[in-house]
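J.:
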Amino acid sequence: MKEIAVALGGGGAKGNAHIGVLRRLEQEGYHIAAVAGTSFGGLVGAIYAAGYSPDEIETLFAAVDQSKLYHLGLHSQPSLFGIGKVHRWLDEVLGEKTFEDARIPCALTAADLHRNAEVSIQTGTLKNAILATIAIPGIFPPIELDGHYLVDGGVLNPVPVSLARELAPGLPVVAVALSSSLSPATLYHLPESFSSAIPELITRRLSRMNIAQAMNIFLQSVDMSYRSITELRLKSEPPDILIRPAVGEIGMLDQVVVADIVRLGEEATEIILPELARITRRPWDFVQELFGRNRS
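At position 177 of the sequence shown (counting the first as 1) the number is 177 in full-length UniProt numbering, and the numbers step up by one without a gap.
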């Protein structure tokens with residue numbers, strides 16, 4: 001079985017495509033020996049490393065009621081929405097599993113607000129690392145780990161190629177970028193789950209501020225920033241294979257049909273399979289093929 005490492009990029013709801021990528025790679029006989037992930041890619045990667053199959057991850061995600069996932073953060077934390085429900089869901093899925101419990105090497109990225117630096121999380125519980133890597137600044141609260149306040153890893157490294165190489169030296173790295181340098185920026189519309197999470201009293205008092213429009217503009221700006229950083233990082237740290245699922249029309253916090261996005265990941269992976277087969281071809285593969293032809 002041929003071994004590869006994967007780097008799963010951030011992008012919110014677009015990240016369901018990662019499930020399709022992992023599934024298709026496994027179907028082709030590749031062993032994913034290490035996974036590095038950012039934001040939603042970190043979520044998928046950590047759950048995969050914990051022992052869930054792509055099919056099981058799709059089932060988990062499809063069962064989530066996306067309309068009830070977010071709730072207004074009426075607390076002292078500096079964020080619009082809380083992550084209590086996400087935390088409880090991760091408790092059910094991962095419990096207290098740590099990176100040491102993972103079946104393969106795994107690392108998630110986050111941005112350290114105090115040090116203004118990218119950090120690689122490879123110790124502690126998987127759920128806490130996930131909460132850090134998905135903490136979109138301003139939307140979800142920063143996560144404190146070992147005295148550091150961490151937010152979404154996509155702020156500095158949306159597709160952690162170099163981290164995947166560190167985890168699996170010498171192996172080809174397959175990276176999945178959830179943005180396209182050629183497509184226009186995604187136009188955002190605040191999901192109903194966000195709007196419904198805001199109490200009516202607050203909505204009436206702040207109606208003149210048009211919070212929904214402000215949020216849409218903010219998310220679109222974040223998306224543009226992530227896209228630009230993605231292209232810069234991919235140029236400086238190119239993977240061996242780059243997969244770009246056609247998810248440009250999907251908003252970061254959109255409510256989606258999981259199976260539809262998974263399929264986009266599978267379709268994008270299908271395109272790169274010939275090139276992946278070429279770069280993972282081992283010297284003895286030719287000999288085996290030659291003997292096979294001679295026998296026939």
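Glycine residues also receive a C-beta, built at the ideal position from the N, C-alpha and C atoms.
Here the structure is a predicted model, which is why all the values come from computation and not from measurement.
#1: Confirm, please, whether the CB-CB distance from I130 to A62 is below 8 Å.
#2: Is L232 helix, strand or coil by DSSP?
#3: What does the Cβ neighbour count give for P78, buried or exposed, with the cut at 16 atoms within 10 Å?
#4: Am I right that V93 and L69 are in contact with their C-beta atoms under 8 Å? What's the rounded C-beta distance?
#5: Can you give me the Cβ contacts of E28 inside the same chain, cut-off strictly under 7 Å, excluding the 5 residues immediately before and after it?
#6: By DSSP's criteria, G37 is part of a beta bridge. Which residues make up the other side?
#7: Return yes when the Cβ of I83 is within less than 8 Å of the Cβ of F40, no when it is not.
#8: CB A164 to CB A268, shorter than 8 Å?
#9: Can you name, in chain order, every residue of its own chain whose Cβ lies under 8 Å from the Cβ of L60, other than the five neighbours on each side?
#10: Tell me the DSSP bridge mates of H18?
#11: When DSSP labels each residue in this structure, what does G154 get in the three-state scheme?
#12: For G127, which of G251, K235, I4, G42 has the nearest alpha-carbon?
T.: Let me lay it out:
#1: Walking along the sequence shown from the start, residue 62 turns up at place 62. Walking along the sequence shown from the start, residue 130 turns up at place 130. In terms of Cβ geometry, A62 and I130 do not form a close pair [threshold 8 Å].
#2: Translated into the one-based positions of the sequence shown, residue 232 becomes position 232. The answer is helix: DSSP assigns L232 an H, G or I state.
#3: One-based indexing of the sequence shown puts residue 78 at position 78. P78 should be labelled exposed.
#4: On the sequence shown, position 93 is the one that residue 93 refers to. On the sequence shown, position 69 is the one that residue 69 refers to. Not confirmed; about 14 Å, so no contact.
#5: Working through the sequence shown from its first residue, we reach residue 28 at position 28. Excluding residues within five positions, the ones whose Cβ falls inside 7 Å are L273.
#6: In the sequence shown, the residue the question calls residue 37 occupies position 37. Paired residues: L8, L108.
#7: Within the sequence shown, the letter at position 40 stands for residue 40. Within the sequence shown, the letter at position 83 stands for residue 83. No, Cβ-Cβ distance for F40 and I83 is not below 8 Å.
#8: For the purposes of this step, residue 164 is taken as residue 164 along the sequence shown, with counting starting at 1. For the purposes of this step, residue 268 is taken as residue 268 along the sequence shown, with counting starting at 1. For A164 and A268, no; Cβs fall outside 8 Å.
#9: In the sequence shown, residue 60 corresponds to position 60, counting from 1. For L60, where only same-chain residues beyond five positions count, the Cβ hits under 8 Å are I47, Y52, V93.
#10: As a working note, residue 18 is residue 18 in the sequence shown. Bridge partners of H18 according to DSSP: none are assigned.
#11: Here residue 154 is taken as the residue at index 154 of the sequence shown, counted from 1. In the structure shown, G154 sits in a helix (DSSP, three-state: H, G or I).
#12: Locating residue 127 in the sequence shown gives position 127, counting from the first residue. Residue identity differs from the one stated: residue 127 is Lys in this sequence, not Gly. Relative to K127, the option among G251, K235, I4, G42 whose CA is nearest is G42.
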